[in-house]
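Peer 1:
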Amino acid sequence: FVFIFFGLVAVCGTYYVQALTLSWAVVLAAVPPGLLVTAILVVNNLRDIDTDRRADKRTLAVMLGREGTRVEYLLLLVVSYVMPFVLWLVLGYHWLVLLPWLTLPLAIRLMQQIRNEVGRPLNKALAGTARLGLLFSIGLSIGLLF
């Protein structure tokens, strides 16, 4: 739900309203923002996994467990970083579409926090993931202009 509406619908819808057309490149460019917004939700659910379990909430994090949720977070970030390469290598976009890779040090720090922290300390990773989504998307947007 989050990926679809905050990624695909938001990006593709905005593009379509302005250009009155869609392409696979637009859909591919919509994937990282959607995945990174989803990663915010994943951190939130990871942070709350123990209280959600006690309250009998059936979140994906509760079902996957702590390690499975950490893997989910890692996969969301990895796929986000793969997409600019697809745009560059496969679709022939300018190399500046790789600008989001400048945020990789932040992503690595966040992955370390996710791996090592439990509970309230994950609030820093929650804010950091939101920051990562913003900076990544700004870099991708700049790169797509060329």
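Numbering (the numbering used here), first residue to last: 931 to 1076.
Beta carbons are placed, not taken as given, at the ideal position from N, Cα and C, and that holds for glycine.
Note that the structure is predicted; figures quoted are calculated from it, not measured.
#1: Beta-carbon within less than 6 Å of Ala937's beta-carbon, same chain only, minus the 5 sequence neighbours each way: which residues are those?
#2: Only counting runs of 4 or more residues, tell me where the alpha helix (DSSP H) segments fall wholly within the region 971-1036, in order along the chain.
#3: Please state whether DSSP places Arg1045 in a helix, a strand or coil.
#4: Kindly confirm or deny that the region 1051-1060 and the region 964-979 touch, where touching means at least three C-beta pairs closer than 8 Å.
#5: Suppose the cutoff is 6 Å on Cβ atoms and the five residues either side in sequence are ignored; what does the same chain contact list for Tyr1023 look like?
#6: Alpha carbon to alpha carbon, how far is Pro1035 from Leu1065?
#7: In three-state terms, what does DSSP make of Ser1067?
#8: Could you check whether Gly1073 and Pro1014 sit closer than 8 Å to each other, using their CB atoms as the reference points?
#9: Considering Cα atoms alone, identify which of Tyr945, Asp978 and Phe935 is closest to Arg1050.
#10: According to DSSP, simplified to helix, strand and coil, what is Arg1061?
#11: Going by DSSP in three states, Pro962 sits in which element: helix, strand or coil?
#12: Among Val941, Thr989 and Thr999, which one has its Cα closest to the Cα of Ala969?
#13: List the endpoints of the continuous alpha helix (DSSP H) containing Val947.
#14: Excluding the 5 residues preceding and the 5 following Thr989 in the sequence, name in chain order all residues of the same chain whose CB lies nearer than 8 Å to its CB.
Peer 2: If we stick to the structure as given:
#1: Residue identity check: residue 937 is Gly in the sequence provided, not Ala. Result list for Gly937: Ala960, Pro963 and Gly964, in chain order.
#2: 979-984 and 990-1015
#3: helix
#4: yes
#5: Leu1017
#6: 12 Å
#7: helix
#8: yes
#9: Asp978
#10: helix
#11: helix
#12: Thr999
#13: Ala940 to Ala949
#14: Asn975, Asp978, Ile979 and Asp982
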